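Comments concern the structure below.
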Amino acid sequence: MIEQLKTHSDHENFLASVLAGEASRLSWAPGIDFIFSEERVGWGVALNIKRQVQRRDLFASALAKRFADALSYEGCYLCLDSWENFIVWHAVRQDSHDVGSLQRIMNRLLDLAGLHH
0 MIEQLKTHSD
10 HENFLASVLA
20 GEASRLSWAP
30 GIDFIFSEER
40 VGWGVALNIK
50 RQVQRRDLFA
60 SALAKRFADA
70 LSYEGCYLCL
80 DSWENFIVWH
90 AVRQDSHDVG
100 SLQRIMNRLL
110 DLAGLHH
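In this text, residue positions in the sequence shown follow numbering that gives the first Met the number 0: the first is 0, and each later residue adds one.
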């Protein structure tokens, strides 16, 4: 869906926007963003890593980790978009999220991508 994203550089402001149900972007590091938006399947948070800042084996290692520990990463979906940006997405239910659950989802996405949080 096409929607206007509020852009944040502050983690707490991003979480507040997400809790308010506002499509938002957090610049986590250069070339690495978290995006909360409504997709065809519903609302979710995605970790987007631009092709230019990816390590060479990112997709293969994340895919291997995802399926080696399927229970820990249940609900995490990996893909490369048409620009070869790496995306890990997880659904966020609008009726039952809080700061703690959002932070756990974000930490799992970072962990799956091999990034320290």
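Backbone N, C-alpha and C define an ideal beta-carbon position, used for all residues, glycine too.
In this text, all values refer to a predicted model and were calculated from it rather than measured experimentally.
Taking 8 Å as the upper bound for CB-CB distance, leucine 101 and valine 40 are not in contact here, some 18 Å apart. DSSP places aspartate 32 in the uninterrupted beta strand (DSSP E) bounded by 31-38.
Here the C-alpha atom of leucine 109 lies approximately 23 Å from the C-alpha atom of alanine 19. For a cut-off of 8 Å, the C-beta gap from aspartate 32 to asparagine 47 is around 5 Å, short enough to register as a contact.
By the neighbour-count criterion, in which 16 or more other beta carbons inside 10 Å mark a residue as buried, phenylalanine 85 falls on the buried side.
Leucine 77 and alanine 22 have their C-alpha atoms some 20 Å from each other. The beta-carbon distance between alanine 61 and leucine 4, rounded to whole angstroms, is 24 Å. This is too long to meet the 8 Å contact definition. Under the three-state reduction of DSSP output, histidine 7 falls in the strand class. Distance from the Cα of glycine 99 is smallest, within the candidate group Thr6, Val17, Asp9, for Val17. Note on phenylalanine 35: 16 or more other CB atoms within 10 angstroms of its CB, so buried under the neighbour-count rule.
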